[in-house]
Structures are given as C-alpha cells and as structure tokens.
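The sequence shown runs 22 to 278 under this note's numbering.
For each residue, glycine too, the CB sits at the ideal point set by N, CA and C.
To keep things clear, I will list the structure first and then write my remarks on it.
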Amino acid sequence: MEDLLHIMEILRGPDGCPWDREQTHESIRGNFIEETYEAVEAIDRHDTALLREELGDVLLQVVFHSRMEEEAGSFNFGDVVNDICQKLVIRHPHIFGDIQVQSTDEVLDNWEAIKNAVKGTKTQAERLWAVPAVYPALMRSQKVSSRAAKAGMDYPDTDGAWKDLESELDELKQAIAEGDRKHTEEELGDLLFAAVNVARHEGIDSEYALTCSCEKFIRRFEEAEKIAVSKGIDMKAADSQTLDEIWKEAKKNADSK
C-alpha cells in the first residue's frame, strides 16, 4: 500500500507524468465508473484473475482522488481508511457493541437507522432524495421504491404491482396514440418504474435482469445473423415475416446451447 501511495506521489509530482499531473476529480470521474464496471464484469464472469486486476484499478482510482485532496490540504488516503473503519464499527453495534440481533433484516434495519441518524435525515422524502441521481436508472428506481415501501408506500403484494404495470401500459398506448412525445416519454418512464416494482416484489434485481436480457438478445441476434447469411438473406432488406421466421429459429438454436 505504501508503494502505491508513493508511486502516485511521484506521478503527481513536479517531475512526474504530465497526464497524471493535470488530472482533476472531474476529468477522471468517468474512469472511476469504467473501472468499477470492469470489476463487476469480472465478478459476473467468475474470473478471479481478472477480478484481482480490476480491483487494483479501482483501488488506484481511490488513491488518485485521495492524492488530489492531500495536495489541496483537505484529507489524505489515511483519512479515507480511518473514516470507513469508524463507519463499519458504528454501523455494526451487534458486533462491536451490545446490540442483539436475530436476523439479517434486523442488521439492515439497524444499519439504515444509524445511517439516517448520522446523516441527519429527518423525513422519508429526504431518504428518497438521498439515492444518488447518478445511479443507473433501474438501480435508482429499485432503491427509491424500496425506501418508499419501508415508509409504507407500497402494494400489498405482487398482484397490486402487476395491476399498476398494466395500467401504465394502457396509459403509454394512449400517449402514443395521441402523438404527444413529451407525454409518451413520461408514460414510458412510469411503465419502466412500475416494472421495477414488480421485480422488487418478486425479489429480482431489475438492473441485473435487464443486463441478462441484453446478453440473451445479443446471443440470439448473433445466431439470427448466421442463419440469414447461410440462407443468403439481407436482414436490412428482408420483410417482417422473413425476419420473424429467422428470429424464431435463432431463439431455438441460441437457447439450446
């Protein structure tokens, strides 16, 4: 760890790397996001060698941002580590204190209660606004709806969430029929949010579910492209019936692998 901190100090120093010296929090913000997603991909692929590498890249980002603040006289990497250590101790009173818990749900409830107390959150609406707007939309939707549910704003069961989804679909169809683009955009958002509620009630991570669907679509498309080539069909020029037949065959082939 000391080697990494010293290397970053050299890179940001007067005789260091021109690129590293000119970076700011804002300029490498995207890098932080990219490295995190790459680490997540390694987890999804169950690739431990790649995960080891990507975790190093994520750690580099933490060290990079910490070094910038150390140069500004604000805080350093040691402060970052100290803060997370304190947070872990404070939010685990059942381990480092005398609180008794019987389940994971109680652990999570205590975590949220302590978090709200520390952050000074007074209303349930503040808890919803506290969900970062930079989250992927599905992830944010699930967290927002989950917090709303804990505050009592929820359907009694999946059936209630499903009825709301059907209602939002009807409203979207109506908006499209009216040709109102702004209204259509609004209703499409409502439909997606309603779908997230159904997922939450079923204990499904909507972000992960859509990720899997994207992967499945790509596999099926790849198979459809192979079928079209083998039959001498130009998919761009093919009619809808031909494409439908190719797609059905592609689904069957791809899903059987």
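Rounded C-alpha distance that separates Glu43 from Ile54: Here the question's residue 43 lines up with position 22 in the sequence shown. Here the question's residue 54 lines up with position 33 in the sequence shown. Approximately 19 Å between the Cα atoms of the pair.
Looking only at its chain, what residues have a beta carbon closer than 6 Å to the beta carbon of Phe214, apart from the 5 residues adjacent to it on each side? One-based indexing of the sequence shown puts residue 214 at position 193. Its chain contains Ser162 as the residues whose beta carbon lies nearer than 6 Å to that of Phe214, once the 5 sequence neighbours on both sides are disregarded; these appear in chain order.
If you drop the 5 nearest sequence neighbours on each side, which residues of the same chain put their C-beta closer than 8 Å to that of Val325? Beyond the ends of the chain as shown, which are 22 and 278, falls residue 325; an answer cannot be given.
Counting only runs that start and end within the segment 92-168, where is the alpha helix (DSSP H) found for 4 or more residues in a row? Taking only runs of at least 4 residues, the alpha helix (DSSP H) segments lying wholly in the segment 92-168 are 98-111, 114-117, 125-140 and 145-150.
Reduced DSSP category for Gly210 - H, G, I as helix; E, B as strand; rest coil: Translated into positions along the sequence shown, residue 210 becomes position 189. Helix at Gly210.
Measure the C-alpha to C-alpha separation of Leu159 and Asn52 and round it to an integer number of angstroms. In the sequence shown, counting from the first residue as 1, residue 159 sits at position 138. In the sequence shown, counting from the first residue as 1, residue 52 sits at position 31. One Cα belongs to Leu159, the other to Asn52, and the distance between them is close to 21 Å.
Could you check where the alpha helix (DSSP H) with Thr232 kicks off and where it finishes? Locating residue 232 in the sequence shown gives position 211, where the first residue counts as 1. From DSSP, the alpha helix (DSSP H) with Thr232 extends over Ser227 to Ser251.
When the Cβ atoms of the segment 220-232 are set against those of the segment 162-175, are three or more pairs found closer than 8 Å? Touching, yes.
So the candidates are Glu74, Asp78, Lys184 and Val79; which of them puts its Cα closest to the Cα of Asn218? Here residue 218 is taken as the residue at index 197 of the sequence shown, counted from 1. If we check each option's Cα against that of Asn218, Lys184 comes out closest.
Evaluate contact between the segment 179-195 and the segment 137-152, counting only Cβ atoms and requiring at least three cross-stretch pairs below 8 Å. In this structure the segment 179-195 does not touch the segment 137-152; the number of beta carbon pairs closer than 8 Å is below three.
Are Asp41 and Arg50 closer than 7 Å when you measure CB to CB? Residue numbering aside, residue 41 sits at position 20 when the sequence shown is read from its first letter. Residue numbering aside, residue 50 sits at position 29 when the sequence shown is read from its first letter. Asp41 is not a Cβ neighbour of Arg50, given a cutoff of 7 Å.
Return the chain-ordered list of same chain residues with a C-beta closer than 8 Å to the C-beta of Glu91, the five sequence neighbours on each side being excluded. In the sequence shown, counting from the first residue as 1, residue 91 sits at position 70. Asn97 and Phe98, listed in sequence order.
Counting beta carbon pairs with one atom in the segment 240-253 and one in the segment 268-276, are three or more of them shorter than 8 Å? A contact exists between the segment 268-276 and the segment 240-253.
Determine the direct distance from the alpha carbon of Ser251 to that of Arg112, and round the result to whole angstroms. By 1-based counting over the sequence shown, the position of residue 112 is 91. By 1-based counting over the sequence shown, the position of residue 251 is 230. Approximately 60 Å, taken between the alpha carbons.
Quick check on the burial criterion: 16 or more other C-beta atoms within 10 angstroms. Buried or exposed for Leu186? Indexing the sequence shown from 1 puts residue 186 at position 165. Leu186 comes out buried.
Residues in the same chain with beta-carbon distance under 7 Å from His86, minus the five sequence neighbours each way, listed in chain order, please. Position 65 of the sequence shown holds residue 86. Closer than 7 Å at Cβ, skipping near neighbours: His46.
What do you reckon, are the CB atoms on Asp174 and Arg88 nearer than 7 Å? Locating residue 174 in the sequence shown gives position 153, where the first residue counts as 1. Locating residue 88 in the sequence shown gives position 67, where the first residue counts as 1. It is worth fixing the name first, because residue 174 is Met in this sequence and not Asp. No.
Suppose you measure from the CA of Arg202 to the CA of Glu133; what does that come to, to the nearest Å? Mapped onto the sequence shown, residue 202 falls at position 181. Mapped onto the sequence shown, residue 133 falls at position 112. In a straight line, the C-alpha of Arg202 is about 39 Å away from that of Glu133.
What's the call for Arg148, buried or exposed, on a 16-neighbour Cβ count within 10 Å? Here residue 148 corresponds to residue number 127 of the sequence shown, with the count starting at 1. It counts as buried.
Delimiting residues of the alpha helix (DSSP H) encompassing Tyr58: Locating residue 58 in the sequence shown gives position 37, where the first residue counts as 1. Residues Arg50 to Asp65.
How is the alpha helix (DSSP H) around Ile254 delimited, first residue to last? Position 233 of the sequence shown, counted from the first residue, corresponds to residue 254. Where Ile254 is concerned, there is no enclosing alpha helix (DSSP H), given that its DSSP letter is neither H nor E.
Start and end of the alpha helix (DSSP H) containing Lys273? If you number the sequence shown from 1, residue 273 lands on position 252. Unbroken alpha helix (DSSP H) run through Lys273: Ser261 to Asp276.
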